[in-house]
Amino acid sequence: MGSVYEKRSKWYLRYKDAHGRWVDKPTRSPNKTAARRLLAEVEQKVERQRLGLEALPDPDGGGTLAELMTWWLETYSAASASQQRNKSVVTKHLVEAAVGRLTLAQLTPGKLEEFLQSKTGDLGPQSINHLRRYVSRAFGKAIDTGRWSGDNPAKRVKPRRVPKALPSFLRASEVPALFMALPKKWRPLFATALYTGLRKGELLGLRKQDIDFENRQIAVARSYGRDTTKGGHADSIPIADDLLPFLREAVDASPSELVFPKPDGTMFSQHAPFEDVLRRAMKHAGLVTGYEHVCRVKACGHKEKASDQELRHCPTHKRKLWVKAEVRPIRFHDLRHTTASLLMMSGANPGAVQKVLRHSSPQITMSTYAHLQPEYLRAEVNRLDFQLAATLLPRKQTKVIASEEPNAKPAEEKGIQWWRGRELNPRPTAYETAALTT
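When we follow numbering that gives the first Met the number 0, the leftmost residue of the sequence shown carries the number 0, and every step to the right adds one.
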């Protein structure tokens, strides 16, 4: 039989848990009566656990969160395509953080929410959602395997709202200029990225045996050195006519089984600076958003923004300013967005675009790129045709040809709008009828 007692202005419960151990737990009960009522509820729950009607709590509190996350990384994340990134993020923000020392029993939804909120400012909302998702996955696997018998606290924590940005991509008019500025050795890689929409890891893991020139198909089954892609499944995509010579050139020039290796035949790492190659080519091609003119004197710090490269001088040191071209912050992955965006804008079927990008469903493709089908959407919207504009809105007056009204004033010059004195007159006068409209 348990009991209640007061200590330092707090009411405590003393009872035996389901494992037969005495537990002293502080409460927020305002008085002894409320504490006794709470004790009765706790003892009832303990009795249900003893009878097997509820799961028994783990004797050690389920271990620490750091131990749980380490177990999840080694057991379930190890075979995933994003293991290296998962390990880096989880170790830094969860395993080595103060929250990692909490036991699973101590990690309530409130404490998890408090921890995630403390990351605001240092991390964006999407990164915070990733942390929440890591915790949720680890708890889910622990529950499935019987490692943890409690609840998943992450399920009761709401994800942050992430502003959805439009995808960044190259315009069709920019692609030829970009390739003219690219060094010749990089053209096959960038052409394959543009014509296939393959991810960086899939391009670097592509092997010669994956290319079927006879049937003009590419088997996408690897990412970097792993025998799996991000989606976890192999797919086959077609080779465009314009891509064939680039692929043949890459295969002939490669000294190893890889299609796009380093000069020594080994695979590029995931940190290969392809973004630098892309942005440098954009600068050389003149695909810039503007120019920054900077003084070369270190202690000066004078800068000027301009839309041209005209020679300018520092107002303090009278020296010529150094011109730096600025390009929009485009990534190598945005070549994949370019593939999808230009296909959608050219009127390609969304289902076909989904197959090329290898999305799991057409909804993913449409939610990201549907806004890039203006002609298709405009044709659908034009099904609503009530002739309101022709009936209600004033027309542009150009020149009067004839008039049956002797006192009618000539219309304004061509291209200038004029308004009738009445708000609505669906029956125009004779001289209005004779006018030409643009």
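Note that beta-carbon positions come from the ideal geometry of N, C-alpha and C, so glycine has one too. As the structure is a computational prediction, the values presented were derived from the model and not from experiment.
Just to confirm my understanding: we take residue i, look at its own chain, exclude 5 residues before and 5 after, and list those with CB closer than 8 Å. What are they?
i, result
"S135", "N151, A153 and K154"
"S235", "Q216, I217, A218 and V219"
"A249", "P187, L188, T191, V258 and F259"
"H270", "none"
"W21", "R13, Y14 and K15"
"K83", "The identity of residue 83 in the sequence shown is Gln, whereas the question assumes Lys. Here the set comprises Q269."
"T364", "A339, P349, V352, Q353, L356 and H358"
"P314", "H301"
For the alpha helix (DSSP H) holding residue i, just list the boundary residues, first then last.
i, result
"Y194", "R186 to T195"
"R13", "Note, R13: premise wrong, no alpha helix (DSSP H); beta strand (DSSP E) at K9 to K15."
"D275", "F273 to A284"
"P244", "L243 to A252"
"N128", "P124 to D143"
Using only CA atoms, which one of the options lies nearest to residue i?
i, options, result
"E113", "V156, R84, A80 and K140", "V156"
"Y11", "L37, G19 and M0", "L37"
"W147", "P162, V89 and W70", "W70"
"K304", "T288, R247, A39 and K297", "T288"
"K118", "P108, A137, G139 and A96", "A96"
"L52", "A78, L320, A17 and A34", "A17"
"L356", "A233, A137 and K319", "A233"
"A180", "V293, A39 and R279", "R279"
"L242", "F212, D263, K140 and T227", "F212"
"P29", "Y4, K44 and L50", "Y4"
"T63", "T102, A78 and K31", "T102"
"T367", "L387, P108, P162 and V293", "P162"
"Y223", "M266, R327 and T144", "M266"
"Y133", "G123, K86 and G145", "K86"
"P166", "H292, A388 and L334", "L334"
"H454", "R330, F331, V296 and L310", "Nothing can be reported for residue 454: it is not among the residues displayed for the chain, which extend from 0 to 437."
"K319", "E42, C294, A239 and A388", "C294"
"I329", "A77, F273, E309 and E201", "F273"
"I210", "I238, L50, K183 and G200", "I238"
"G200", "T228, Q208, A39 and P182", "T228"
Specify the secondary structure class of residue i as computed by DSSP and reduced to three states.
i, result
"R49", "helix"
"H92", "helix"
"V22", "strand"
"K319", "strand"
"K207", "helix"
"E113", "helix"
"W71", "helix"
"E403", "Note that E403 scores 46 on pLDDT, short of 50, meaning its location in the model is unreliable; the coordinates nonetheless yield the value given after this. Three-state DSSP puts E403 in coil, outside helix and strand."
"L341", "helix"
"F218", "The amino acid occupying residue 218 in the given sequence is Ala; Phe does not appear at that position. A218 falls in the strand class under three-state DSSP."
"L103", "coil"
"L169", "coil"
"R357", "coil"
"R225", "strand"
"H270", "coil"
"L383", "coil"
"K408", "Because K408 sits at a pLDDT of 46, beneath the cut-off of 50, its placement in the model cannot be relied upon, and the following sentence gives the value as read from the coordinates. Three-state DSSP puts K408 in coil, outside helix and strand."
"T265", "coil"
Looking only at its own chain, which residues have a Cβ that is under 7 Å from the Cβ of residue i, when we skip the five neighbours before and after it?
i, result
"T337", "F168, L169 and L193"
"P25", "K9 and Y11"
"G350", "P361"
"D307", "Y290"
"R47", "E53"
"K140", "W71 and Y75"
"P158", "N128 and R131"
"V89", "M68, L72 and Y133"
"V326", "R278, M281, K282, L286, V287 and T288"
Quick one: what's got a C-beta closer than 6 Å to residue i's C-beta in the same chain, skipping five residues either side?
i, result
"L93", "M68 and G99"
"E173", "L286"
"W185", "V276"
"A284", "A176, L177 and A180"
"L341", "A171"
"N214", "none"
Following the continuous beta strand (DSSP E) through residue i, name the residue where it begins and the one where it ends.
i, result
"D234", "D234 to P237"
"Y4", "S2 to K6"
"E303", "K302 to A305"
In the DSSP assignment, what residue or residues form a beta bridge with residue i?
i, result
"G289", "E325"
"L334", "L334 is not bridged to any residue."
"L257", "R206"
"T63", "T102"
"T119", "L122"
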